[in-house]
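Mapping of the sequence shown onto this note's numbering: residues 144 to 669, in sequence order.
Note that CB positions come from ideal geometry on N, CA and C, so glycine has one too.
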Amino acid sequence: MSSELSRAVKKMMGVLLTGELSAGQIVVDGDKADVVLVLNGVNITAANISAINVVNADWVVLALAEGTTNTVSEAADAVASEDAETNGAIYSTADLWITGKGTLDVTGVAADGIVSKDTLVVESGTVHVTAKDDGIRGKDHLVVLGGNITVDAQGDGLKSNNVSDTDDASYPVGVVWISGGTLDVTAGSDTIDAENQVTVEDGTLALQAGDDGITTNGIMRVTGGTINVKKSVEGFEAAIMHLDGGTGTIVSSDDGINATDGSTSSNQNAGVPNMGTPPEDGSFPGGGERPARPGDDTTGNDNTDTSDTGTIETNSTTTQTVTVANQTASNDDQTDNGQTTDGQTRTRQNRGGGGPNDQATEGVLVDITGGTWSINAGGDGLDSNGDVIITDGTVIVSGPTSNGNGALDYNGTFEMNGGTLVAAGSAGMAQSPSSSKQGVLAVSYGQTVSAGTSVALVDDEGNLVAAYTAPKDAQTLVFSSPNIKQGETYTVYTGADVTGTEVAGLVTSGSVTGGSKAGTVTATQS
Numbered sequence: 144m145s146s147e148l149s150r151a152v153k154k155m156m157g158v159l160l161t162g163e164l165s166a167g168q169i170v171v172d173g174d175k176a177d178v179v180l181v182l183n184g185v186n187i188t189a190a191n192i193s194a195i196n197v198v199n200a201d202w203v204v205l206a207l208a209e210g211t212t213n214t215v216s217e218a219a220d221a222v223a224s225e226d227a228e229t230n231g232a233i234y235s236t237a238d239l240w241i242t243g244k245g246t247l248d249v250t251g252v253a254a255d256g257i258v259s260k261d262t263l264v265v266e267s268g269t270v271h272v273t274a275k276d277d278g279i280r281g282k283d284h285l286v287v288l289g290g291n292i293t294v295d296a297q298g299d300g301l302k303s304n305n306v307s308d309t310d311d312a313s314y315p316v317g318v319v320w321i322s323g324g325t326l327d328v329t330a331g332s333d334t335i336d337a338e339n340q341v342t343v344e345d346g347t348l349a350l351q352a353g354d355d356g357i358t359t360n361g362i363m364r365v366t367g368g369t370i371n372v373k374k375s376v377e378g379f380e381a382a383i384m385h386l387d388g389g390t391g392t393i394v395s396s397d398d399g400i401n402a403t404d405g406s407t408s409s410n411q412n413a414g415v416p417n418m419g420t421p422p423e424d425g426s427f428p429g430g431g432e433r434p435a436r437p438g439d440d441t442t443g444n445d446n447t448d449t450s451d452t453g454t455i456e457t458n459s460t461t462t463q464t465v466t467v468a469n470q471t472a473s474n475d476d477q478t479d480n481g482q483t484t485d486g487q488t489r490t491r492q493n494r495g496g497g498g499p500n501d502q503a504t505e506g507v508l509v510d511i512t513g514g515t516w517s518i519n520a521g522g523d524g525l526d527s528n529g530d531v532i533i534t535d536g537t538v539i540v541s542g543p544t545s546n547g548n549g550a551l552d553y554n555g556t557f558e559m560n561g562g563t564l565v566a567a568g569s570a571g572m573a574q575s576p577s578s579s580k581q582g583v584l585a586v587s588y589g590q591t592v593s594a595g596t597s598v599a600l601v602d603d604e605g606n607l608v609a610a611y612t613a614p615k616d617a618q619t620l621v622f623s624s625p626n627i628k629q630g631e632t633y634t635v636y637t638g639a640d641v642t643g644t645e646v647a648g649l650v651t652s653g654s655v656t657g658g659s660k661a662g663t664v665t666a667t668q669s
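Structure below.
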């Protein structure tokens, strides 16, 4: 194709594109038609921005021919438009669908990589995006049904940024919905950012964020898949968070999981949208179902034995102290939260909130009903400005070493109604669940247990109930599971040899030998 070619598609049709176009642009002006562009080994470089520009259509399909590699890029000296919404190496005013068994390589030199002003769907294919700003953005909806997606963006990785629909305020927009695929996303800002909702039903996600791993001002729901936040400031952030299934691993320099009302956002009217499951929305041109559009439902050490410090009756709001031998205390104020300097034992009542000046935010919630969630946080591990409810699943928190944060931090209530929770961290801001339907043990070590040292809980028959080996120093431990029984006494050992199936440092079925006896604790529930 000529370097000056600008191809316009005027009618409903399928168009086969092959070959090379330099300093040009593919323009789709379909007068609200349904258009299929078959990319069969193309290499398209724009004269400036937007190598593929959909001006007018209903739906546009980019079909990647099997076995082909298709390259779409802006000019090396491309300059972004003053209208940020129109910047993209592939830009569409219409709904955009990417499918096929080929490869699509996109470079957004001036700003974004792939943009749809409406709904953008990736169904299949291999898609690589490099962008100066956002990687893949569907203003109304970004839906990933499958494919192998790699994004390297200096802004946000995957994004949906519409606050509300101008024609129907009740119609949900600003949604990222992932139902499958393999995603490897690196972003200078957030790896996944949706104005109103993020849903992950399936897929394998590897995320490295300069800011948040997954963030939304509204609802986040995970029902399946594997999410690995390898790097972030905050791992998951939403006003309402439903973690119903799947597996998540979070590494964060600040909070691991953070439920907040989003008041620090530039969108002061975000609220909490009424969204959850998607209804069917008709057929998609070219066969198959049109992408589901989200709709309703918010429901959702050493071998030296120490003497026993004694047995203390506890419920889910009381911290018990045991003595840990030959560990190094790393915080001067740790003695205010357990073992006194003269060796006497005392208990400390849980604060039941984020502190005397922290008020609970109504409607803000972390609701965990399933899945396995492992958090390694430099700030608060599991943090809610409102409430926390755990009814099933497994939550493993390696919290902060600084006394200015806590492994658990909530301003409202924390109901431990089922599942398994282990949270280790510093002592200064330590909290435990405020109520429970199963036993909860909240233990202050009195000193610092070094990173890599096992802490084991053993019942009165010598059976291992649980053991946790934290990757960082810790002064406190909270543990709850259906195996913790009201009125029963458990012995705490440190530095023991533990065998059994391990998940993120936690072993709940196995055996324990050796170690140092730190003391005993007795569980009740409230």
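Check whether the region 313 to 321 and the region 278 to 297 touch, using three or more Cβ-Cβ pairs below 8 Å as the test. At 8 Å Cβ cutoff, the stretches touch.
As assigned by DSSP and simplified to three states, the class of residue 262: Three-state result, residue 262: strand.
In its own chain, which residues sit with a C-beta less than 6 Å from the C-beta of residue 553, not counting the 5 before and 5 after it? These residues qualify, in order along the chain: 527, 531.
C-alpha distance - residue 229 paired with residue 360, whole-angstrom precision: So the two alpha carbons sit approximately 24 Å from each other.
Closest to residue 282 by CA distance: which of 613, 629, 294, 309 is it? The option with the nearest alpha carbon to residue 282 is 309.
Consult DSSP for residue 619 and reduce its assignment to one of helix, strand or coil. In the structure shown, residue 619 sits in a strand (DSSP, three-state: E or B).
Alpha carbon to alpha carbon, how far is residue 632 from residue 270? Looking at the two C-alpha atoms, the distance is approximately 56 Å.
What residue range does the beta strand (DSSP E) around residue 660 cover? Where residue 660 is concerned, the enclosing beta strand (DSSP E) stretches over 659 to 666.
Who are the near neighbours of residue 640 in its chain, counting only those whose CB is closer than 6 Å to its CB and skipping five residues on each side? Cβ within range, chain order: 656, 657.
Contact set for residue 373: own chain, Cβ-Cβ below 7 Å, skip 5 residues either direction: Closer than 7 Å at Cβ, skipping near neighbours: 349, 350, 351, 394.
May I ask you to report which of helix, strand or coil DSSP gives residue 534? If DSSP states are grouped into helix, strand and coil, residue 534 belongs with coil.
Straight-line Cα distance separating residue 343 from residue 368: When rounded, the distance between both Cα atoms is 7 Å.
Expressed to the nearest angstrom, what Euclidean distance is found between the alpha-carbon atoms of residue 576 and residue 624? The alpha-carbon of residue 576 is positioned some 12 Å away from that of residue 624.
Can you tell me whether DSSP reads residue 642 as helix, strand or coil? In this structure, residue 642 counts as strand in the three-state DSSP scheme.
Using the rule of at least 16 other Cβ atoms within 10 Å of the residue's Cβ for burial, across every protein chain shown, is residue 629 buried or exposed? With fewer than 16 other beta carbons inside 10 angstroms of its own, residue 629 counts as exposed.
Can the beta-carbon of residue 179 be found closer than 9 Å to that of residue 204? In this structure, residue 204 lies closer than 9 Å to residue 179 by Cβ.
Tell me the residue span of the beta strand (DSSP E) that contains residue 249. Counting along the chain, the beta strand (DSSP E) containing residue 249 begins and ends at 246 to 251.
Are residue 296 and residue 329 close, meaning C-beta to C-beta below 9 Å? Cβ distance < 9 Å, so residue 296 and residue 329 count as in contact.
4 or more residues per run - each alpha helix (DSSP H) lying fully within the region 591 to 618: The region 591 to 618 contains no whole alpha helix (DSSP H) run of 4 or more residues.
Nearest candidate by alpha-carbon position, reference residue 354, set 177, 332, 341: Residue 332 is the option with its Cα nearest to residue 354.
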